[in-house]
Amino acid sequence: MDPISVVAPSHELVVWSRLGAGAGSHLGALWWEEQWLFEYWAHAAALVLTEDYPIHRVSMDGYPPKNLSLTKVWMEANEGLLAHILTRLAEGTPLPTDAFEDRSVMEWPSSGWTAGRNVERMLTFLWLQGRIMVAGREAGRRLWGLPDACLPPGADRVAVSAREMVTTAAEHTLRALGVARPLDIKQYFLRGKYDGLAEVLRTLTREGRVLPVRVEGATSATETWYVHVDAMSELEAIRAGDWHGRTALLSPFDNLVGDRRLTERLWGFAFRNEMYVPKAKREYGYYLLPILHE
């Protein structure tokens, strides 16, 4: 959900590169009308599946974590601002950030870009807690609403256990990446939230849901790579010669190239997002679309 939109919004580019022209027009319907998707923080701000709400609920219930004790203190000190936001949203109309009054009594301590943005900070924290959600967008701006308006009727809102969260996230990651090591899994999807991954992978292996494999050319013969059992039929078809490659442009924020180390290791492609590189040091330019070709 990166705001930079030189060619098109990143989430639309991701869909376009996989499904072709016109696919992006269906994304809004899945997102806002049918509510199959919602916006939340996974590895970054992202569109995630509503059916996965229970695993994200774990993060919501645990926010702010212990290492962000200042956030907890600040939110408690500004209970008036918090209550004002929830009261306004209870009226039912999705609202932009500037619709709320700054009723804070304690400034958010910052010397950077968050300085003086108390309302924005509170909205972000409430969003991370799952107490409010992104209910729409207007000219690129987030519109905020309460969960009842943003989730479909009957959606499961109960958090799973921490172990089940890691299990589900690991399986999602292996299905997405195709093949990965534990280190790679930890960098994907719920980045930084894979406590107990080694035991989870052992359990999934015993149950036959993931399979350990060896990757030709891997630098260490002792490394364990995994594939999900759902990929085996496709892998066998590829080995039998049933493979038809294509060429596609990717968003610079595409998850396929999100882990730079894995991208270079698997494909020998050293991608660098040069919008974060000083102009004098750029090799190509500000905005790059990696080319996937096979």
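Residue 4 is where the sequence shown starts when you use this note's numbering, and the numbers rise one by one after that.
Ideal Cβ placement from N, Cα and C applies to all residues, glycine included.
Please read all numbers here as calculations on a predicted model, not as lab measurements.
Residues of its chain near residue i, where Cβ-Cβ distance is below 8 Å and the 5 sequence neighbours each way are ignored
i, result
"residue 146", "97, 98, 99, 137, 138, 139 and 140"
"residue 135", "88, 89, 92, 126, 129, 147, 148, 149 and 150"
"residue 200", "169, 173, 185, 188 and 189"
"residue 198", "165 and 169"
Local conformation of residue i per DSSP, three classes
i, result
"residue 49", "strand"
"residue 139", "strand"
"residue 157", "coil"
"residue 24", "coil"
"residue 193", "coil"
"residue 149", "coil"
"residue 112", "coil"
"residue 234", "helix"
"residue 283", "helix"
"residue 326", "In this structure the chain extends from 4 to 297, so residue 326 is not present and cannot be described."
"residue 62", "helix"
"residue 83", "helix"
"residue 7", "coil"
"residue 128", "helix"
"residue 246", "coil"
"residue 2", "An answer regarding residue 2 cannot be provided, because it is not within the stretch 4 to 297 covered by the chain."
"residue 57", "helix"
"residue 172", "helix"
"residue 276", "coil"
"residue 134", "coil"
"residue 210", "coil"
"residue 223", "coil"
"residue 120", "coil"
"residue 201", "helix"
"residue 271", "coil"
"residue 32", "helix"
"residue 240", "helix"
Beta bridge counterpart(s) of residue i as assigned by DSSP
i, result
"residue 294", "252"
"residue 228", "216"
"residue 41", "51"
"residue 98", "147"
"residue 183", "229"
Residues near residue i in its chain [Cβ-Cβ closer than 6 Å; skip 5 each side]
i, result
"residue 39", "33 and 53"
"residue 182", "228 and 230"
"residue 64", "162"
"residue 156", "none"
"residue 69", "none"
Nearest-angstrom Cβ-Cβ length linking residue i and residue j, presumed shorter than 8 Å
i, j, result
"residue 204", "residue 173", "7 Å"
"residue 66", "residue 22", "Not quite, the Cβ-Cβ distance comes to about 33 Å (not below 8 Å), so this is no contact."
"residue 61", "residue 165", "6 Å"
"residue 133", "residue 6", "The pair is not a contact, with the Cβ atoms about 22 Å apart (cut-off 8 Å)."
"residue 232", "residue 211", "6 Å"
Sub-8 Å separation of residue i and residue j beta-carbons
i, j, result
"residue 59", "residue 191", "no"
"residue 226", "residue 184", "yes"
"residue 297", "residue 289", "no"
"residue 293", "residue 253", "yes"
"residue 177", "residue 213", "yes"
"residue 31", "residue 18", "no"
"residue 107", "residue 81", "yes"
"residue 20", "residue 251", "yes"
"residue 78", "residue 71", "no"
"residue 95", "residue 48", "no"
"residue 256", "residue 8", "no"
"residue 206", "residue 215", "no"
Neighbourhood of residue i by C-beta, 7 Å cutoff - its chain only, sequence neighbours within 5 removed
i, result
"residue 266", "260, 272 and 274"
"residue 187", "180, 262 and 265"
"residue 3", "Residue 3 lies beyond the range of the chain shown here (4 to 297); nothing can be said about it."
"residue 57", "159, 161, 162 and 163"
"residue 16", "10 and 254"
"residue 74", "67 and 128"
"residue 35", "139"
"residue 109", "77, 80 and 81"
Residue-chain proximity (residue i, chain B), Cβ-Cβ < 8 Å
i, result
"residue 202", "In the displayed structure, chain B is absent; only one protein chain is listed."
Proximity test, residue i beta-carbon vs the ligand ADP heavy atom, cut-off 7 Å
i, result
"residue 150", "Ligands displayed in this structure: none; no statement on the ligand ADP is therefore possible."
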